[in-house]
Structures are given as structure tokens and as C-alpha cells.
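> I'd like to ask some things about the structure below.
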Amino acid sequence: MANENLEEVVRTEAEIAEVLLGLVRQQQNAIVHFQEAALRTILEQQEDLLRPFEALEKERVRLMGTASIDDGALPPAAKKLKRLAQEISDLNKQNRTLLEHSMKFVHQNIKILTEDFSRKLIDARI
1 MANENLEEVV
11 RTEAEIAEVL
21 LGLVRQQQNA
31 IVHFQEAALR
41 TILEQQEDLL
51 RPFEALEKER
61 VRLMGTASID
71 DGALPPAAKK
81 LKRLAQEISD
91 LNKQNRTLLE
101 HSMKFVHQNI
111 KILTEDFSRK
121 LIDARI
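With the first letter of the sequence shown counted as 1, position 87 gets the number 87 in the numbering used here; the numbers rise by one all the way through.
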């Protein structure tokens, strides 16, 4: 019984992870194309998915204490979840790099516009 519940929890986690992977891909596209509004919407959708995912993960950990699973015989849903988690992690690393380069680009442009930060960018009299 516990094994069946565990498999169902893992299957549901994999389904949510698949949707999350799609959102991370959309997030990358929004970062590349400077689509701030789309990025904000995607981040909200990700947060909405992560709440139930976190609850499922807690349930999975609880069930793992009572279930007996052979190390070599992972259910297909667990293998899928592992693969999806790795893909999400890889894409998140790429997104982090994109954002870091974007921030560096903005910083360099402000430095150029302010002549190495020696001038104010905005007139205080406004």
C-alpha cells in the first residue's frame, strides 16, 4: 500500500516537474528577449507550482520511511522525475548566467553614461 502511494506521489511530482520545465524554458526565452511582463507572469506561475510540489516532496520523504524499494528497481516515474530535475537545474544555471551578463551589461552602460560614475545620471532639479 505504501509503495503504491509513493509511486502516485512521485508520478504527480513528475507531472508538476514537467510543467515547471516548460515554464523554465519560457523564462529563458523571456530573459533573452527582454520581456519583463512575461517574466513576471512566468515567475508567478512557477511559485504557484512550487507550493504543491513542496507538499508532495514532504509526503514522498514521509512515505520513503515506510516503503521498501529495491535500489536497482526505481519506478519509471522516479527516473522521469530525476531526469526532469536535472534538466530544470541545467536550465536554471543557464538562466542565472544570462541574468548575470545582463546585469553586467547594464552596469557597464551606466558607467559609460556617467563617465565612470563621476556624473549624476539624473538632474536633481527635476
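Backbone N, C-alpha and C define an ideal beta-carbon position, used for all residues, glycine too.
Measure the C-alpha to C-alpha separation of residue 82 and residue 61 and round it to an integer number of angstroms.
The alpha-carbon atoms of residue 82 and residue 61 are separated by roughly 15 Å.
> In angstroms with no decimal places, state the Cα-to-Cα distance between residue 40 and residue 79.
Spanning the two alpha carbons is a distance of roughly 31 Å.
> Whose C-beta lies closer than 6 Å to the C-beta of residue 24 among residues of the same chain, with five residues either side of it excluded?
88, 91.
> For residue 117, which of helix, strand or coil comes out of DSSP?
The answer is coil: DSSP assigns residue 117 none of H, G, I, E or B.
> Could you tell me the alpha carbon to alpha carbon distance between residue 7 and residue 55, rounded to whole angstroms?
Using only the alpha carbons, I get a separation of about 15 Å.
> Exposed or buried, what is residue 121 when buried is set at 16 or more other beta-carbons lying within 10 Å of its beta-carbon?
Burial call: exposed.
> In this structure, does DSSP put residue 33 in helix, strand or coil?
Three-state result, residue 33: coil.
> Please report the distance separating the alpha-carbon of residue 50 from that of residue 125.
For residue 50 and residue 125, the distance between alpha carbons rounds to 46 Å.
> Compute the beta-carbon to beta-carbon distance between residue 57 and residue 13, rounded to the nearest angstrom, for a pair I have assumed lies under 8 Å.
At roughly 7 Å, the Cβ-Cβ gap stays under 8 Å, so residue 57 and residue 13 are in contact.
> Report the option in 3, 32, 15, 76 whose CA atom is closest to the CA atom of residue 97.
Of 3, 32, 15, 76, the residue nearest in Cα terms is 32.
> Should residue 43 be labelled buried (16 or more other beta-carbon atoms within 10 Å of its own) or exposed?
When all chains shown are included, residue 43 counts as exposed.
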